[in-house]
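Visitor: Protein sequences, first through last, are from chains A and B.
Residues 1 to 210 in full-length UniProt numbering are what the first sequence lists, from first letter to last.
Residues 1 to 1045 in full-length UniProt numbering are what the second sequence lists, from first letter to last.
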Amino acid sequence: MDPKALKKLVESISNTVKSFKKSEVECLIRLFHKLVGRADVRLDNVGLDRNAFRGILYSIFGMTDDVLMNRVFFAFDKDNDNCINVKEWVKGLSVFLRGTFEERLKFCFEVYYLNGDGYISREEIFDMLKNSLHQPSSEEETDEGIKELVDITLKKMDYDNDGKISFADFEKAVKEERLLLEVFGPCLPEAKNCLDFEALAFRHILTSRF
Amino acid sequence: MGVALTRSAQWTAAGRGTRTLETTPLNEAILKEIIMFVESFIYKYPQEAHYVFVDPLEWKTNLNPSAFESGYSVSETTVKSEEVDKNGKPLLFLSVPQIKVRSFGQLARLLLIAKNTKFQEAQACVEANRNPIAKILGLDYDTLTEDSSKVNILDKIIKEDDPEIDMKMKIAMLLKQLDLHLLNHSLKHISLEIRLNPGTVKNDIELLKRFSGKGEHTVLEYIDYTSDYEFSNGCRAPPWRQVHGEICYVLVKPHDVETLCVTCSSEGVFLNGGKTEDEGEINYERKGAVYKDLVTFLKEKSAKFSENMSKQEFAFSEEQQKEKDQPNEEPKKEEAITFRKAVTGSDRSTQEKNQINFGKTRMTKRLEPSLNWKATVDSKERRSLVRDSQEEKHIGRLEKARPSVSPGRAQIVRKSAEKIEEIISESSSESEEDEEPPDHRQEANADLPSEYWQIQKLVKYLKGGNQTATVIALCSMKDFNLAHETCQLAIRDVGGLEVLINLLDTDEVKCKIGSLKILKEISHNPQIRRNIVDLGGLPIMVKILDSPYKTLKCLAAETIANVAKFRRARRAVRSHGGITKLVALLDCGQNSTEPAQSSLYETRDMEVARCGALALWSCSKSYANKEAIRKAGGIPLLARLLKTSHENVLIPVVGTLQECASEESYRAAIKAERIIENLVKNLNSENEQLQEHCAMAIYQCAEDEETRDLVRLHGGLKPLASLLNNTDNKERLAAVTGAIWKCSISKENVTKFREYKAIETLVGLLTDQPEEVLVNVVGALGECCQEYENRVIVRKCGGIQPLVNLLVGINQALLVNVTKAVGACALEPESMTIIDRLDGVRLLWSLLKNPHPDVKASAAWALCPCIQNAKDAGEMVRSFVGGLELVVNLLKSDNKEVLASVCAAITNIAKDQENLAVITDHGVVPLLSKLANTNSDKLRHHLAEAISHCCMWGRNRVAFGEHNAVAPLVRYLKSNDTNVHRATAQALYQLSEDADNCITMHENGAVKLLLDMVGSPDQELQEAAAGCISNIRRLALATEKARYT
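1) Closer than 7 Å by beta-carbon distance: list the chain A residues that pair up with residue 476 of chain B, in chain order.
2) Give the DSSP bridge partners of residue 224 of chain B, in chain order.
3) Kindly confirm or deny that the stretch 105–112 of chain A and the stretch 68–78 of chain A touch, where touching means at least three C-beta pairs closer than 8 Å.
4) When you compare only the Cα positions, how much space is there between residue 561 of chain B and residue 619 of chain B?
5) Is it right to say residue 463 of chain B is buried, meaning 16 or more other beta carbons lie within 10 angstroms of its own, or is it exposed?
6) Please return the same chain residues whose Cβ sits closer than 7 Å to the Cβ of residue 23 of chain A, not counting the five positions on each side in sequence.
7) From the DSSP output, read off the bridge partner residues of residue 166 of chain A.
8) Measure how close the beta-carbons of residue 117 of chain B and residue 27 of chain B come, nearest whole angstrom, since I'm counting them as under 8 Å.
9) On the DSSP bridge list, what partners appear for residue 90 of chain B?
10) Give every residue of the same chain whose Cβ lies closer than 7 Å to the Cβ of residue 675 of chain B, excluding the five residues on either side of it in the sequence, and list them in chain order.
11) In whole angstroms, give me the CA-to-CA distance for residue 983 of chain B and residue 866 of chain B.
12) Compare the C-beta of residue 546 of chain B against all C-beta atoms of chain A and say whether one is closer than 9 Å.
13) Only counting the same chain, and skipping five residues up and downstream in sequence, which positions put a Cβ closer than 8 Å to that of residue 28 of chain A?
14) Below 7 Å CB to CB, which residues in the same chain sit around residue 632 of chain B once its five sequence neighbours on both sides are set aside?
15) Give me, in chain order, the residues of the same chain whose beta-carbon lies closer than 7 Å to that of residue 1001 of chain B; leave out the 5 immediate sequence neighbours on both sides.
16) Taking the alpha-carbon positions, what's the residue 1026 of chain B to residue 1010 of chain B distance?
17) Suppose the cutoff is 6 Å on Cβ atoms and the five residues either side in sequence are ignored; what does the same chain contact list for residue 570 of chain B look like?
18) With H, G and I counted as helix, E and B as strand and the rest as coil, what does DSSP make of residue 663 of chain B?
19) Is residue 763 of chain B closer than 9 Å to residue 738 of chain B when the C-beta atoms are compared?
20) Need the endpoints of the alpha helix (DSSP H) that residue 32 of chain A sits in, please.
21) Pick helix, strand or coil for residue 203 of chain B, following the three-state DSSP scheme.
22) Could you please tell me which residues of the stretch 623–642 of chain B, in chain order, have their CB closer than 7 Å to any CB of chain A?
23) My output table needs one value for residue 416 of chain B: the three-state DSSP class, helix, strand or coil.
24) Closer than 9 Å, Cβ to any Cβ of chain A: which residues of the stretch 471–505 of chain B, in chain order?
25) Near residue 451 of chain B, which residues of its chain fall below 7 Å by C-beta distance, leaving aside the five closest residues on each side in sequence?
26) Any residues in the stretch 155–186 of chain A with a beta carbon nearer than 8 Å to a beta carbon of chain B? Which ones, in chain order?
27) Hey, how far is the Cα of residue 224 of chain B from the Cα of residue 250 of chain B?
28) When we look at the beta-carbon of residue 160 of chain A and count the other beta-carbons within 10 Å, is it buried (16 or more) or exposed?
29) Alpha carbon to alpha carbon, how far is residue 733 of chain B from residue 612 of chain B? Give it in angstroms, no decimals.
30) Let me check one thing: in DSSP terms, what residues is residue 48 of chain A bridge-paired to?
31) If you drop the 5 nearest sequence neighbours on each side, which residues of the same chain put their C-beta closer than 6 Å to that of residue 40 of chain A?
32) Following the continuous alpha helix (DSSP H) through residue 274 of chain B, name the residue where it begins and the one where it ends.
33) Please decide whether residue 69 of chain A counts as near chain B, where near means a Cβ-Cβ distance under 9 Å.
34) Could you pull out every unbroken beta strand (DSSP E) segment of at least 3 residues lying fully inside the stretch 503–565 of chain B, listed in chain order?
35) Is the shortest distance between the beta-carbon of residue 510 of chain B and the beta-carbons of chain A less than 9 Å?
36) According to DSSP, which residues form a beta bridge with residue 77 of chain B?
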């Protein structure tokens, strides 16, 4: 890749993403291109489509839930073009790897509300939790169980009692109990996977440092 | 007879040769009955007594031919009865040692002859003749019980109208009667014997556990299984012991007896050989009698137990009443009523049993009110890993949880049906908790608090949900008031505890965090703690301490801190390597090998250290753990943490140190690690609890002189003195006064305290304080009053009166301190006047009768200055009736301190001639002489003084010589203690007034030793030694002179 263009890209991304050093950003860009597999194409409009991204989430970050992986994809894909470009990639990873509590809070909320109205509705919760009981009992019973679980969640998180969870509700609940950050399913990678990923992505920097 | 003997009598397992009867109460009873039957046979059935047996009963006897008298022809080794059969053969024939008997008459006479050994004879007879009926009546009659044989015999009777057959028949009937009688009799015996089973034992232990603990009112200090593992049959004994009927082994510590290691077996309860050192095997051998159950056993072993048990029993029955009322209020179906009646009937019939066997029925009563349903979840079933089972088990469990119903139910029902009228009227008066019908439980469930159902639902999600659902359920569960017992127990009773603990064993960090957050809260409940340990929660939590997540470490440590409040838990923490890991937590500030992404679920290093210290604090209540903490290098880490300013860290750190400071090794380390400085610094903290623990730590450490100096040098005395002014917090006050007491052992410190006006304050604390405070206050005053100025202060502040008032207490530690303080005050004549006026001397004197040697000694020491300084001391001492005799008799004590103190008292008493005369009459001289051969310098010192003073009366000098007191005294001069030298020289000087004593001294080489003493800088010693030598010399001269004139 053209070193000059790369440098420019690093500069521009570094301006918006503060949690990575420039060298790290460069590594991430290189990795992105390696993943996309077409390093010579013009930098801006190449990207990872949903399947490729899900593959990464699965193999690198150890996520397994299809529904949530899709949602994570949409949360990464800020411009809704069904394709994650290099900026979105770095930005998203900054939350994944080094996100502050607030960033993660926001990210999770974005993952959980889908229809864009800014609330997590009862139906959405049901959708996300519907696979959370592994009981061999009948479907109705399971449904009943999930419904109760949804009620429990709403009772706990819906502070303003409007039957849905606003960002304010979510924020308050999570601040009170951090365990609720990924309340509707894992959408952030585990610490161990992050470490592995960083070790892999930044290995050039790490090795050059010594 | 045959049936009884084969069925009921307990034969030993088939050994070589003939089997023998075991010596059991049942067998003894059977034999006695047989003896009675035979003995009375002659009178009751004189005709039949002459009946000649078909075959003789033959056995080996221990009887001597010479024992037989009239009616027998006796030779050296044989005896023949004069009574003979038709053929002229004797009915009794003894050829040592074999004996043959052929009639009941002879049997009866034999038993009479045997007298004391008739029991042995009867036993030998029964043993040797396993089928007596066949021998007596012939084989036909042996199987008399069988109907067919009856016909046979009847046939015979009909066929040959023989009078002998008639006779035989009659005897057969008699024997059969005896047989029945014996069977009945043994049945009675058996019914008295209640065999234990795992259920009853477990109930016993559970209930006793509930009433165990520290404190006066519990029945035991603790009771616990030796093994946590329970087999599926309810036994805890290893399988190869279960074969012997053993159920489990229990460690019991009653209040007044050493820890007992007890075997519970189906035969009963007995003491075994105890657990071998270092947690080894149990010595299974039986070491004592077998008791029928644990309670009887403990009543026998511990007086305190049976005393407190009788108190508790009231509590039991109250609870029982409470629970019992319920079922009778709501009879649902006719059937249910009859069933209950039936049960009641059974209770009536077993009433006797229940009275003997402390609450067999009571045992299953759960004692928490409002928790009727608790019993429904059988702990054994709870053990099954809930994770494995996807389906909701709970309801099923409720229904099948009734294994306790006795197997003899059918019989009981039948029995009670016969008596139904009788029973109807009192169906409510009996306890029936044990057999509560299952439908009743369902009814009871309706009364449960709503939390119960909600928690049950959440536990369902914990069991059947994935990580997401589990986390939601955990978070939701956390919203319940987990500090409330209802919720705590509800979690356990719906099987939540197992799930929570299982979650700790997964890889899901969030689940672990959520679970620990709940466990941390509910483990404040003592029952839950035990359950957590029983379910094996501790090893898992100890493992979590290694986790890279600080939050997890913290939560695990905090939970351990809560759980490790009892011994078994602390031991479990240690044995799983928990102490080392907890100590490592203290080091958290130093190493930061945390994952980069740690902000999310992480906490500060200090928090980790705090939790670690908290857990160590709990653990440090066991001696072995203190040792383990030290070995793991905990002391330097604790010392380093002491430098922080975080109060919430300091409290557990100081708490741990204070707890551990009971050990010498710790005190040394505390000194070496410069911990005192920081303890002193934290005395100035705002936090009362911190102040308390710091003061407590100083109290523990200040036995050491260097430490006391350190406290002063770091300015610790002033804050201690000023803390005295706040008397609201009694715990802190006790700790602070304790620290002041120990610090005031150093004179420099006392001076400081006087400067800070602490003595006045201490005097003010002599009234209206709890005993823990009083002990320390008085102790401190006792130390302070060693100095004149302080004695004056105490007197001027009016401290004498309250001190004397405390002489009537019963607290040993307090009495020791009070007597010391009063004694110290008595050194000052003006104070002495007050003490005398308040009758303090009499009170001190009566403390000589205190059973505790420390009190005795302390009182005797205190009496010395009293006698010295009292006006008209001689008259005062004489006024105590029997007082002098009491003192002299104390010389028979075997406690060195008591002896020394009494010698000192006698020294003072003997200064009065009249009193000296009295104690001489009470035999003081031989008693003192007897003590002479001692190695204790303290005792030597006071003994020598006492002897020198007692010489002043009558022929006491001579008497000491006669009782061999002189030679040992001479040896005292070789001691290294100048006090001993002085006192001894004075004693020898007094004794040397008697010529014979001079000779003894000379023979024992006293002159040379005394000559050395003459060169001593101590004037009194010089004079006494010189005087003694001159006496000896004078005697020598006089003898020489006598020789030449």
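Built from N, CA and C at the ideal position, the CB exists for glycine as well.
Guide: Taking the structure as given:
1) Per Cβ cutoff of 7 Å: 152, 156.
2) For residue 224 of chain B, the pairing in a beta bridge is given by DSSP as B:251.
3) Verdict: yes, contact present.
4) Whole-angstrom Cα-Cα distance: 7 Å.
5) The residue is buried, with at least 16 neighbouring Cβ atoms inside 10 Å.
6) For residue 23 of chain A, where only same-chain residues beyond five positions count, the Cβ hits under 7 Å are 205.
7) The partner list for residue 166 of chain A (beta bridge, DSSP) reads A:119.
8) Rounded, the Cβ-Cβ distance is 17 Å, inconsistent with contact.
9) Beta-bridge partners assigned by DSSP to residue 90 of chain B: B:84.
10) Answer for residue 675 of chain B: 639, 642, 657, listed in chain order.
11) Distance between the alpha carbons of residue 983 of chain B and residue 866 of chain B: 21 Å.
12) Not an interface residue.
13) Hits under 8 Å: 20, 89, 90, 93, 201.
14) Correct list, in chain order: 579, 580, 583.
15) Hits under 7 Å: 966, 970, 988, 992, 1032.
16) Taking the straight line from one Cα to the other gives about 7 Å.
17) Taken in chain order, the residues that qualify are 564, 619, 622, 625.
18) Assigned with DSSP and collapsed to three states, residue 663 of chain B falls in coil, not helix or strand.
19) Going by beta carbons, residue 738 of chain B and residue 763 of chain B fall outside the 9 Å limit.
20) Its alpha helix (DSSP H) spans residues 22–36.
21) Here residue 203 of chain B carries a helix assignment [DSSP, helix/strand/coil].
22) Those residues of the stretch 623–642 of chain B placed with their C-beta closer than 7 Å to a C-beta in chain A do not exist.
23) Residue confidence for residue 416 of chain B is low, a pLDDT of 42 falling below 50, so the modelled location carries little weight; the figure read from the coordinates is stated next. If DSSP states are grouped into helix, strand and coil, residue 416 of chain B belongs with the helices.
24) So the list reads 471, 472, 473, 474, 475, 476, 478, 479, given in the order they occur along the chain.
25) Once the five neighbours on either side are set aside, the close Cβ partners of residue 451 of chain B are 480, 486, 487, 490.
26) Here the close residues are 155, 156, 177, 178, 179, 180, 181, 182, 183, 184, 185, 186.
27) Residue 224 of chain B and residue 250 of chain B: Cα-Cα distance of roughly 6 Å.
28) Residue 160 of chain A should be labelled exposed.
29) Looking at the two C-alpha atoms, the distance is approximately 28 Å.
30) Answer is A:84, bridged to residue 48 of chain A.
31) Low confidence applies here, because residue 40 of chain A scores a pLDDT of 48, under 50, leaving its location unreliable; read the following figure in that light. Excluding positions up to five away in sequence, the list is empty.
32) Boundaries around residue 274 of chain B are those of the beta strand (DSSP E), 268–275, since no alpha helix (DSSP H) includes it.
33) No - not a single Cβ of chain B is within 9 Å of the one on residue 69 of chain A.
34) Entirely contained in the stretch 503–565 of chain B, not one beta strand (DSSP E) run reaches 3 residues.
35) Residue 510 of chain B counts as touching chain A.
36) Beta-bridge partners of residue 77 of chain B (DSSP): none assigned.
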